[in-house]
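This report refers to the structure that appears directly beneath it.
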Amino acid sequence: MLDMQLANAGFYRIAWPETNEKPGTTYVRTGSREVVRVFVTQCASEVEVYAGGLRNGQLVFRGSPESAASLRYLVHQQN
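Numbering (numbering that gives the first Met the number 0), first residue to last: 0 to 78.
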């Protein structure tokens, strides 16, 4: 479900180095000024949202997908 919501918002899945500590899937959406990167843990119990450069983005949200009401704002924001 979260995969479909991210795809509908213009994010696409990328190959990103996984760690043994937190396996999961990374999605990105590029903009004219920055990249928004979303990391979803393998069991989809937590998401992390980064904004800025692809590799050095700043963490702007970490938490459960259910409590991520602010993700809608981030996803539709023109960057």
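The beta-carbon is built from N, C-alpha and C at its ideal position, and this holds for glycine as well. Quick caveat, the model's predicted, so the values are computed rather than measured.
In terms of DSSP beta bridges, what is A50 paired with?
Position 51 of the sequence shown, counting from 1, holds the residue named residue 50. Note: A50 sits in a beta bridge opposite V35 and Q57.
Limits of the unbroken beta strand (DSSP E) element including Y30:
Counting from one through the sequence shown, the residue named residue 30 turns up at place 31. Strictly speaking, residue 30 in this sequence is Gly, with Tyr absent from that position. It is not in any beta strand (DSSP E) - G30 carries neither H nor E in the DSSP assignment.
Assign T36 to buried or exposed, taking buried as 16 or more other Cβ atoms, counted over all protein chains shown, within 10 Å of its Cβ.
Locating residue 36 in the sequence shown gives position 37, where the first residue counts as 1. Before going further, note that residue 36 is Arg rather than Thr in the sequence given. Classification of R36: buried, given that the 10 Å Cβ count is 16 or more.
Reference E47; option with closest CA among F60, M3 and R54:
Here residue 47 corresponds to residue number 48 of the sequence shown, with the count starting at 1. Comparing Cα positions, the closest option is F60.
Mapping the DSSP letters down to three states, classify N78 as helix, strand or coil.
In the sequence shown, residue 78 corresponds to position 79, counting from 1. With a pLDDT of only 47 at N78, under the threshold of 50, the placement of this residue in the model should not be trusted; the figure read from the coordinates follows. In this structure, N78 counts as coil in the three-state DSSP scheme.
Under 8 angstroms by Cβ, that's how I've got I13 and T25 pegged, so tell me the actual separation to the nearest angstrom.
Position 14 of the sequence shown holds residue 13. Position 26 of the sequence shown holds residue 25. The Cβ separation is near 6 angstroms, so the contact holds.
For F10, which residues in the same chain have their Cβ closer than 7 angstroms to its Cβ, ignoring the five residues on either side in sequence?
Working through the sequence shown from its first residue, we reach residue 10 at position 11. Excluding residues within five positions, the ones whose Cβ falls inside 7 angstroms are Y26, V27, R28 and V37.
Less than 6 angstroms between C-beta atoms, sequence neighbours within five positions excluded: which residues of the same chain meet that for G62?
Here residue 62 refers to the residue found at position 63 when the sequence shown is read from its first residue. Here the set comprises nothing.
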